[in-house]
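Notes to accompany the following structure.
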Amino acid sequence: MSTPILSVRDLVVEFPTRRGTLRALDKVSFDIAEGEVLGMVGESGAGKSLTGAAIIGLLEPPGRVAGGEILLRGERIDNLPPEKMRRIRGRRIGMVFQDPLTSLNPLYTVAEQLIETIRTHIDLSEKDARKRAVALLDRVGIPAAARRIDDYPHHFSGGMRQRVVIALALAAEPELVIADEPTTALDVSVQAQIIDVLKEICAERGASVMLITHDMGVIAETADRVAVLYAGRLAEIGPVRDVIQRAEHPYTVGLMGSIPTLTQTADRLTQIPGSMPRLNAIPQGCAFNPRCTRVFDRCKVDRPELIARAGGRQMACWLYDAAVQGEAENV
Amino acid sequence: MIAFILRRLVQSVIVMLAVALVSFALFRFVGDPIASMVGQEVTLAERAEIREALGLNDPFIVQFWNFIARAATGDFGISYRLQQPVMELILSRLPATLELALVSGILAFAFGVGFGVYTALRRGSWVSGTIMTVSLIGVSLPTFLIGVLLIWVFAVELQWLPSFGRGETVYIGNWWRTGLLTESGRASLILPAITLGLYQMTLIMRLVRAEMLEVLRTDYIKFARARGLSNRAVHFGHALKNTLVPVITITGLQMGSIIAFSIITETVFQWPGVGALFIRSVQFVDVPVMAAYLMLIALVFVVINLIVDLLYYAVDPRLRVDRANAKS
Numbered sequence: 012m013s014t015p016i017l018s019v020r021d022l023v024v025e026f027p028t029r030r031g032t033l034r035a036l037d038k039v040s041f042d043i044a045e046g047e048v049l050g051m052v053g054e055s056g057a058g059k060s061l062t063g064a065a066i067i068g069l070l071e072p073p074g075r076v077a078g079g080e081i082l083l084r085g086e087r088i089d090n091l092p093p094e095k096m097r098r099i100r101g102r103r104i105g106m107v108f109q110d111p112l113t114s115l116n117p118l119y120t121v122a123e124q125l126i127e128t129i130r131t132h133i134d135l136s137e138k139d140a141r142k143r144a145v146a147l148l149d150r151v152g153i154p155a156a157a158r159r160i161d162d163y164p165h166h167f168s169g170g171m172r173q174r175v176v177i178a179l180a181l182a183a184e185p186e187l188v189i190a191d192e193p194t195t196a197l198d199v200s201v202q203a204q205i206i207d208v209l210k211e212i213c214a215e216r217g218a219s220v221m222l223i224t225h226d227m228g229v230i231a232e233t234a235d236r237v238a239v240l241y242a243g244r245l246a247e248i249g250p251v252r253d254v255i256q257r258a259e260h261p262y263t264v265g266l267m268g269s270i271p272t273l274t275q276t277a278d279r280l281t282q283i284p285g286s287m288p289r290l291n292a293i294p295q296g297c298a299f300n301p302r303c304t305r306v307f308d309r310c311k312v313d314r315p316e317l318i319a320r321a322g323g324r325q326m327a328c329w330l331y332d333a334a335v336q337g338e339a340e341n342v
Numbered sequence: 185m186i187a188f189i190l191r192r193l194v195q196s197v198i199v200m201l202a203v204a205l206v207s208f209a210l211f212r213f214v215g216d217p218i219a220s221m222v223g224q225e226v227t228l229a230e231r232a233e234i235r236e237a238l239g240l241n242d243p244f245i246v247q248f249w250n251f252i253a254r255a256a257t258g259d260f261g262i263s264y265r266l267q268q269p270v271m272e273l274i275l276s277r278l279p280a281t282l283e284l285a286l287v288s289g290i291l292a293f294a295f296g297v298g299f300g301v302y303t304a305l306r307r308g309s310w311v312s313g314t315i316m317t318v319s320l321i322g323v324s325l326p327t328f329l330i331g332v333l334l335i336w337v338f339a340v341e342l343q344w345l346p347s348f349g350r351g352e353t354v355y356i357g358n359w360w361r362t363g364l365l366t367e368s369g370r371a372s373l374i375l376p377a378i379t380l381g382l383y384q385m386t387l388i389m390r391l392v393r394a395e396m397l398e399v400l401r402t403d404y405i406k407f408a409r410a411r412g413l414s415n416r417a418v419h420f421g422h423a424l425k426n427t428l429v430p431v432i433t434i435t436g437l438q439m440g441s442i443i444a445f446s447i448i449t450e451t452v453f454q455w456p457g458v459g460a461l462f463i464r465s466v467q468f469v470d471v472p473v474m475a476a477y478l479m480l481i482a483l484v485f486v487v488i489n490l491i492v493d494l495l496y497y498a499v500d501p502r503l504r505v506d507r508a509n510a511k512s
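Sequences listed follow chains A and B, in order.
Heads up: take any position in the first sequence, counting from 1, add 11, and you land on the numbering used here.
Heads up: take any position in the second sequence, counting from 1, add 184, and you land on the numbering used here.
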């Protein structure tokens, strides 16, 4: 396999506070291959958005990358000087935020914002940049783009604004797009359209996508692989079919069990008892052990590392430790 | 848009009438103008004659009506004290006040926005800390004390700048006496302008800083950064413009108060402006001048508010409702 577009190795993000340092991401590692869509799921506060922010270099102070490395096509980008990192943002890594109603500057027309973004990264005349901007808007599905481009954000509906946001994020044709809950703030009827637009355009341009969401439906339809985060640690990562249909990590099993399906009828959805630990109270050993239904002694002492399993899956769970050994011999 | 301006103009007229009524009513109770106009040896009969001549015996409504009718044509009567037309008196002193107010307003706005942006962007640096601490002094020290301190340091001890007056002045056109064109005029302007503008500057600065910090946390700023825009574009193109609406409001109102409350500064520096004229008039119960002055200040506030409203339109497209309606 060629070099992945993005490679995250043992990423640690910390927030120094008055009462000690909080570890918000703890040794998270994953790759995104060329043209691949990686879904990132987890409960609120699991560190999904933080991972995205760390990759694009926009962690809110005092948050900081305290360890590990982030490689974009094999080059380290987590320790670049701010000015170099700025040139990567928008040009090589694009980002789509959650709320289209607040992502656009209300005082500038869509044209002004698009042209500014295009001309920041690509050496184009005002006129050519405008042409490109109209083409982009047209591509993301804004009707009468040539006319609408001079409107202000408040003239557009939520779904239309998110299309504008996508056009802005993709204005300089980045290789990687981080979409941070791009549909959460939208009407259900519009969500699918937005995801389709995002997926199509990225596929068309060969851009990889890191799709952050807690909507398993979106993941199942869109992603190639999925990473499950729990309390700032990666619980499981693997091809989307395997993880969803044959969930193995007890947390993933719980997560899947809590999603209603049309084919099965159940009186009650299963739920995972308890809630995710706070960052200052992560238990020893596996972070999930107090809520795990299959917990045993070792889980409360040692932290499980990600272990490679068959079919490109990786899992951090002691349950599969021995099994892995057995399978490894067979492979 | 036109309808909006017309509506505002009608409102302005009502405001002006209300101010006229209040000030006129108020001045009936400040004392007997005749007593301060004439000497002790004037007989009661003569006093009654003057009273009658000035129309002070007419019923209140008649007096008020006469006042309004004449004020509408720019005639505020004759000053009791100086025996000159009030309009002439005020116009001859207005340039001094306007120049002082304008210069200190520009200083306050420029430094206020500059320091505000700086302290918001470099939060935690020692320079910002120093500016913030010093600005506390600007907010809390009364104007006259700042004026006196400045005079003591720069005029008395260092002897760099004059302590009072306007310096040399020259005429532009027939009646605008300016101090801006002569060296001594400019030198004389510095201390009063700082005194008058310091409070406004710290106010604008603190407002800009707070607004700026607020805006820098918004999603569209994050998104602008995520698109790789330069810091300059993010800070000045995107963030600063979004802080302007509240800043314009406050600056506009402050500009009004700079003109209105230049009284103290003018008194401290013996600046020959309308503020000083007003203070003398109060001492002599010179009702026509006081009334005209209050009307002038009301006019200034009304005009500034109108300008502020129009500036909103220029800055914030969301307020241009007509256009949006026409489109959708």
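The beta carbon of each residue, even a glycine, is placed where N, CA and C say it ideally should be.
- At a C-beta separation below 7 Å, R174/A has no neighbours in chain B, since its nearest C-beta there lies roughly 14 Å away.
- Residue range M227 to T233 is occupied by the alpha helix (DSSP H) that includes M227/A.
- Scanning chain B for C-beta atoms nearer than 8 Å to the C-beta of L179/A yields F407 and R411, reported in chain order.
- Here R236/A carries a strand assignment [DSSP, helix/strand/coil].
- One alpha carbon belongs to T353/B, the other to L284/B, and they sit about 13 Å apart.
- Neighbours of H225/A across chain B, judged by C-beta separation under 9 Å, do not exist; the nearest C-beta is about 19 Å away.
- Counting only the Cα atoms, G331/B lies some 56 Å from A178/A.
- In the three-state reduction of the DSSP assignment, D216/B falls in the coil class, being assigned neither a helical nor a strand state.
- Annotated as distal: L69/A and A304/B, with beta-carbon spacing of 8 Å or more.
- In this structure, L245/A and F108/A do not form a Cβ contact; the two beta carbons are roughly 23 Å apart against a cut-off of 8 Å.
- DSSP, read as helix, strand or coil, puts M96/A in helix.
- Contacts with chain A at 8 Å (Cβ-Cβ) do not include P430/B.
- Residues are counted here when their Cβ sits less than 7 Å from a Cβ of chain B; for the stretch 67 to 84 of chain A these are I67 and L69, given in chain order.
- At a cut-off of 8 Å between beta carbons, R100/A contacts chain B.
- Cα atoms of V492/B and S269/A: separation of roughly 55 Å, rounded to the nearest angstrom.
- When the five nearest sequence neighbours on each side are left out, the beta carbons in the same chain lying within less than 6 Å of the beta carbon of V264/A are those of A258, in order along the chain.
- Listed in chain order, the non-local C-beta contacts of L490/B below 6 Å within the same chain comprise R192, local neighbours out to five positions each way being set aside.
- The beta carbon of D161/A sits no closer than 8 Å to any beta carbon of chain B.
- L397/B: member of the alpha helix (DSSP H) spanning E367 to L400, first to last residue.
- Here DSSP, grouped into helix, strand and coil, assigns E225/B to coil.
- Under a 10 Å Cβ-count criterion, H165/A is classified as exposed, with fewer than 16 other Cβ atoms of the shown protein chains found around its own Cβ.
- Only E127, T128, T131 and H132 from the stretch 127 to 149 of chain A bring a Cβ to less than 8 Å from some Cβ of chain B.
- Judged by their CB atoms, M326/A and D191/A are not nearer to each other than the 8 Å cut-off.
- Taking a cut-off of 8 Å on C-beta distances, the stretch 408 to 428 of chain B does not touch the stretch 448 to 467 of chain B, as fewer than three cross pairs fall below it.
- Nearest CB-CB separation between S114/A and chain B: below the 8 Å threshold.
- Partner residues in the beta bridge of A190/A, as assigned by DSSP, are V107/A and L222/A.
- Contact holds between the stretch 79 to 86 of chain A and the stretch 17 to 36 of chain A, because three or more Cβ pairs, one in each stretch, are under 8 Å apart.
- In this structure, the straight-line span from the alpha carbon of V306/A to that of G296/A is close to 11 Å.
- Taking 8 Å as the cut-off, the beta carbon of I189/A is found no closer than this to the beta carbon of R174/A.
- Boundaries for I290/B: no beta strand (DSSP E) harbours it, while the alpha helix (DSSP H) harbouring it runs V270 to L305, taken from the DSSP string.
- Chain order gives the chain B residues near F108/A as D403, K406, F407 and A410, where near means a beta carbon separation below 8 Å.
- DSSP, read as helix, strand or coil, puts D313/A in coil.
- Counting every other CB atom within 10 Å of its CB across the protein chains shown gives P326/B a total below 16, marking it as exposed.
- Taking 8 Å as the cut-off, the beta carbon of V208/A is found no closer than this to the beta carbon of A234/A.
- Taken in chain order, the complete beta strand (DSSP E) segments of 3 or more residues contained in the stretch 104 to 160 of chain A are 104 to 107.
- A35/A and D162/A have their alpha carbons spaced roughly 40 Å apart.
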